[in-house]
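Residue numbers (the numbering used here): 9 to 106.
A short worksheet on the structure shown next.
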Amino acid sequence: MKEMREQDAKVNEYMKFNSNQMKNMEAQVTQMSQQQRETDFQLGQLATTVGSMQNKGKFPSTTEPNPKEHCKAIELRSGTKYQGPQLPSEDDVEEKTT
Numbered sequence: 009m010k011e012m013r014e015q016d017a018k019v020n021e022y023m024k025f026n027s028n029q030m031k032n033m034e035a036q037v038t039q040m041s042q043q044q045r046e047t048d049f050q051l052g053q054l055a056t057t058v059g060s061m062q063n064k065g066k067f068p069s070t071t072e073p074n075p076k077e078h079c080k081a082i083e084l085r086s087g088t089k090y091q092g093p094q095l096p097s098e099d100d101v102e103e104k105t106t
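What follows is the structure, given as structure tokens:
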């Protein structure tokens with residue numbers, strides 16, 4: 009009879025231990041689920057922000073309107089300017105025609 013009581017006590021102790029372990033695991037799973045929902049929400053916000061920042065079909069840099077509409081000029085980021093091909097002067101044109 010004494011052996012049965014000892015076994016019952018061990019089984020009860022084991023069941024309590026397992027029950028506590030299960031409660032701890034359930035709490036951790038609940039916490040992880042909450043964190044996952046928060047992460048998904050933040051990722052959605054980030055995707056919305058990035059999507060609104062993109063200008064589709066436009067250059068990403070800021071452009072300045074040309075003050076001389078008929079003049080086409082190119083200036084690089086380094087500050088170097090491209091003058092384009094040299095147009096012949098009136099004297100050159102007259103020499104070629106004669």
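Just so you know, even glycine gets a beta-carbon here, dropped at the ideal spot from N, CA and C.
All figures in this text were calculated on a predicted structure; none of them were measured in a lab.
Residues of the same chain with a CB within less than 7 angstroms of the CB of G59, apart from the 5 flanking positions on each side, do not exist. Q36 and L84 have their alpha carbons spaced roughly 57 angstroms apart. Taken atom to atom, the span from the alpha-carbon of K24 to that of L51 is near 41 angstroms.
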